[in-house]
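Residues in the sequence shown are numbered consecutively from 23, following my numbering.
Ideal Cβ positions, reconstructed from N, Cα and C, are used throughout, including at glycine.
Some notes on the structure that comes next.
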Amino acid sequence: MQAGTTIFEHMSGLARAHDAINLGQGFPDFGWPESVLAAGAEAISHGNNQYPPMRGLPELRAAVAEFCRRDGLAVAAEQVIITSGATEALAASIMAVAGPGDEVILFAPAYDAYAPLVRRAGASPVWVALQPPDWQASAAAIAAAITPATRAILINTPHNPTGGMAGPAMLAAIAELATRHDLIIISDEVWEAVLTSDRPHVSPFTLAPERTIKIGSAGKLLALTGWKVGWVVAQAALAERVAQVHQYLTFTTPPPLQVAVAAGLALPDAWFDAARARYAAARDRLAGALTAGGWALLPTHGSYFLMADLAASGIALGDRRFCEAAVADAKAGVAAIPLSAFMPDGAETPFIRLCFAKSDAVLDEGARRLNAVRARLAGG
Ligand code: PMP
Ligand code: GLN
């Protein structure tokens, strides 16, 4: 793998080179609302294509606030800052609250951008392990990671790559410890609407609104990952700190996309419910076919990712070696993501991540290939 290239870029490149089925990088091949595409096209052709306000178009800030209120959160439009994807929201939030000599608590496994962004800010990541199969961290483990240099706890729920969700005890511990030690909670909730079981999404914003930076992404909510429209929601003084960073990171986000995303967030609950059901059906389809083929899978509740346990599936390879071999398989090329890419030390694990946000034909062929690879590597 080329040094410095993300695992997602790397595996998608290999998938293209080998004409493999791509269950690696997380993007859907269905599910975007046509009305939102039309709103974007209309806004490009006939709307404003010059710099929008730095904090975002008023109509999108209002739409994000309304979307949060539908979820029971008391949020005003003034608390919203529109960013160029959740990635920029994360960068701006981390840089706003942590600098040289500071520490930020991260949970392992963690989305690949977190630790590099913390280090770019001059701060150090301090790791707390999430424990499989339910991927929770105890109050004691989190408390043990806090030092006088701690500035923030970065949480991701629902969680990429595991599909886990922070439970009530973990959320309560984070809120209590953050309050006691005067820490900011950076809460990456890009997967808030992609729920595939009946576990509800609970935002730390409901527990500690004065110290939580809630991050969202239209890429996930509207199945338009390439659009890179995200946002930050926080109380006024905290939002102001994030805006100070945002104005020199990207300053703004393309206004036609903001117009279109505002229309998308106003879609009725029925649209989001149907999207959720469609993802759950895709998860069940892939999981069913893989289980029948001898794969051992971990339970999943949110995001469009599913984890498979190589060792329990009879495969003695580490995750990276398996992924490199599977994508290049001449007869059964299929791309997956090794869990080690999300681990602090990058050491091989026995877990791989599969993206199930794919049409039935792709899922069926992906499962057929994974089952063939497994049968060959496991010897039956
Ligand atoms: N955070 C998490 C947990 C993600 O899974 C992703 C993308 N998959 C992002 C942030 C980045 O979101 P965006 O594409 O909006 O920058
Ligand atoms: N977030 C997506 C994933 O987890 C990919 C994002 C990226 O390619 N950087 O697969």
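Classification of residue i by the beta-carbon crowding that lies within 10 angstroms, buried from 16 upward
{"i": "residue 74", "result": "buried"}
{"i": "residue 33", "result": "buried"}
{"i": "residue 380", "result": "buried"}
{"i": "residue 24", "result": "The predicted model places residue 24 with a pLDDT of 49, which falls under 50 and marks its position as unreliable, so this point remains unresolved."}
{"i": "residue 353", "result": "exposed"}
{"i": "residue 101", "result": "buried"}
{"i": "residue 295", "result": "exposed"}
{"i": "residue 277", "result": "buried"}
{"i": "residue 144", "result": "exposed"}
{"i": "residue 68", "result": "exposed"}
{"i": "residue 280", "result": "buried"}
{"i": "residue 330", "result": "buried"}
{"i": "residue 160", "result": "exposed"}
{"i": "residue 214", "result": "buried"}
{"i": "residue 71", "result": "exposed"}
{"i": "residue 129", "result": "buried"}
{"i": "residue 133", "result": "buried"}
{"i": "residue 233", "result": "buried"}
{"i": "residue 271", "result": "exposed"}
{"i": "residue 188", "result": "buried"}
{"i": "residue 190", "result": "exposed"}
{"i": "residue 41", "result": "exposed"}
{"i": "residue 292", "result": "exposed"}
{"i": "residue 121", "result": "exposed"}
{"i": "residue 26", "result": "exposed"}
{"i": "residue 11", "result": "Here the chain has residues from 23 to 402 only, and residue 11 is not among them."}
Option nearest residue i by Cα separation, candidates the options
{"i": "residue 131", "options": "116, 202, 155", "result": "155"}
{"i": "residue 326", "options": "219, 392, 289, 161", "result": "219"}
{"i": "residue 421", "options": "140, 72, 110, 158", "result": "Lying before the first or after the last residue shown, residue 421 is absent from the chain, which here runs from 23 to 402."}
{"i": "residue 341", "options": "167, 322, 363, 290", "result": "363"}
{"i": "residue 382", "options": "335, 365, 331, 306", "result": "306"}
{"i": "residue 261", "options": "236, 343, 250", "result": "236"}
{"i": "residue 45", "options": "393, 399, 388, 368", "result": "388"}
{"i": "residue 393", "options": "311, 215, 366", "result": "311"}
{"i": "residue 59", "options": "343, 386, 282, 397", "result": "282"}
{"i": "residue 125", "options": "267, 167, 304", "result": "167"}
{"i": "residue 290", "options": "169, 347, 244, 76", "result": "244"}
{"i": "residue 57", "options": "198, 287, 205, 76", "result": "287"}
{"i": "residue 367", "options": "151, 108, 391, 222", "result": "151"}
{"i": "residue 230", "options": "27, 373, 95", "result": "95"}
{"i": "residue 106", "options": "251, 228, 88", "result": "251"}
{"i": "residue 173", "options": "299, 146, 365, 303", "result": "146"}
{"i": "residue 365", "options": "80, 137, 202, 83", "result": "137"}
{"i": "residue 62", "options": "249, 97, 86, 349", "result": "249"}
{"i": "residue 88", "options": "77, 370, 284", "result": "284"}
{"i": "residue 378", "options": "370, 397, 361, 324", "result": "324"}
{"i": "residue 254", "options": "223, 210, 165", "result": "210"}
{"i": "residue 50", "options": "298, 66, 114, 103", "result": "298"}
{"i": "residue 358", "options": "26, 28, 43, 39", "result": "43"}
{"i": "residue 267", "options": "114, 79, 38", "result": "114"}
{"i": "residue 153", "options": "184, 53, 84", "result": "184"}
Endpoints, the beta strand (DSSP E) within which residue i is located
{"i": "residue 366", "result": "Looking at the DSSP string, residue 366 is not in any beta strand (DSSP E), and its letter there is neither H nor E."}
{"i": "residue 329", "result": "327–331"}
{"i": "residue 337", "result": "Neither: residue 337 is in no beta strand (DSSP E) and is coded neither H nor E."}
{"i": "residue 252", "result": "252–255"}
{"i": "residue 430", "result": "Because the chain spans 23 through 402 in this model, residue 430 falls outside it and cannot be assessed."}
{"i": "residue 376", "result": "373–377"}
{"i": "residue 207", "result": "206–210"}
Residue i at chain B interface by Cβ criterion, 8 Å
{"i": "residue 111", "result": "Absence of chain B from the displayed structure is noted, only one protein chain being present."}
Extent of the continuous alpha helix (DSSP H) run through residue i
{"i": "residue 57", "result": "56–68"}
{"i": "residue 89", "result": "80–92"}
{"i": "residue 30", "result": "29–40"}
{"i": "residue 214", "result": "First-last for residue 214: undefined, no H or E at that position."}
{"i": "residue 168", "result": "Here residue 168 belongs to no alpha helix (DSSP H), and DSSP marks it neither H nor E."}
{"i": "residue 192", "result": "190–202"}
{"i": "residue 383", "result": "382–400"}
Distance cut-off 7 Å: residue i Cβ against heavy atoms of the ligand FAD
{"i": "residue 225", "result": "In the structure on display, the ligand FAD does not appear, and the ligands it does have are the ligand PMP and the ligand GLN."}
Q: Would you list, in sequence order, the uninterrupted beta strand (DSSP E) runs of no fewer than 3 residues that lie entirely inside the stretch 224–291?
A: The stretch 224–291 is shown to contain whole beta strand (DSSP E) runs of 3 or more residues at 234–239, 252–255, in chain order.
Q. Which residues are close to the ligand PMP, meaning CB closer than 6 Å to any heavy atom, in chain order?
A. Around the ligand PMP, the residues whose beta-carbon falls short of 6 Å from at least one of its heavy atoms are 48, 107, 108, 109, 133, 178, 182, 210, 212, 239, 241, 247, 250, 252, given in chain order.
Q.
Restricting to runs no shorter than 4 residues, where is the alpha helix (DSSP H) found entirely within the stretch 100–154?
A. 107–119, 136–142
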